[in-house]
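Structure record follows, encoded as structure tokens.
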Amino acid sequence: MLDDATQPWGVKVERVEVQKTASAETSSILLSQADQLNSNSRAQQLTAALLPLQSECESIMKENNALTAELVGLQKRRIALEILLERLTPL
Numbered sequence: 426m427l428d429d430a431t432q433p434w435g436v437k438v439e440r441v442e443v444q445k446t447a448s449a450e451t452s453s454i455l456l457s458q459a460d461q462l463n464s465n466s467r468a469q470q471l472t473a474a475l476l477p478l479q480s481e482c483e484s485i486m487k488e489n490n491a492l493t494a495e496l497v498g499l500q501k502r503r504i505a506l507e508i509l510l511e512r513l514t515p516l
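Counted the way the working numbering counts, the sequence shown spans residues 426 to 516.
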């Protein structure tokens, strides 16, 4: 396999020495750490994307509360006007 890779350069591999290899456990740990880094990075991206949306949502909720309070006030005025109209209308 190495000969195939090095043949275009005219190099023939005669000997390969493996000095240190990672155990399956070490490889598993490294893969787990890489997955965790990717997850953390994704979580940070999602958090950054959520911040403006959360701010916009809070702004909409405040506006909704103000409009609801205004609507309640208008309904009270309507009821008061209906009562006044009933009192002013002859039977």
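Don't be surprised by glycine CBs; every beta carbon is placed ideally from N, CA and C.
Cα atoms of residue 508 and residue 514: separation of roughly 10 Å, rounded to the nearest angstrom. Note on geometry: alpha-carbon atoms of residue 455 and residue 470 lie some 23 Å from one another. Collapsing the DSSP output to three states places residue 439 in coil. Cβ atoms of residue 431 and residue 438 come within 8 Å of each other, at about 6 Å.
Linking residue 481 to residue 487 through their CA atoms gives a straight-line distance of about 10 Å. Per DSSP, the continuous alpha helix (DSSP H) segment holding residue 464 begins and ends at 449 to 513.
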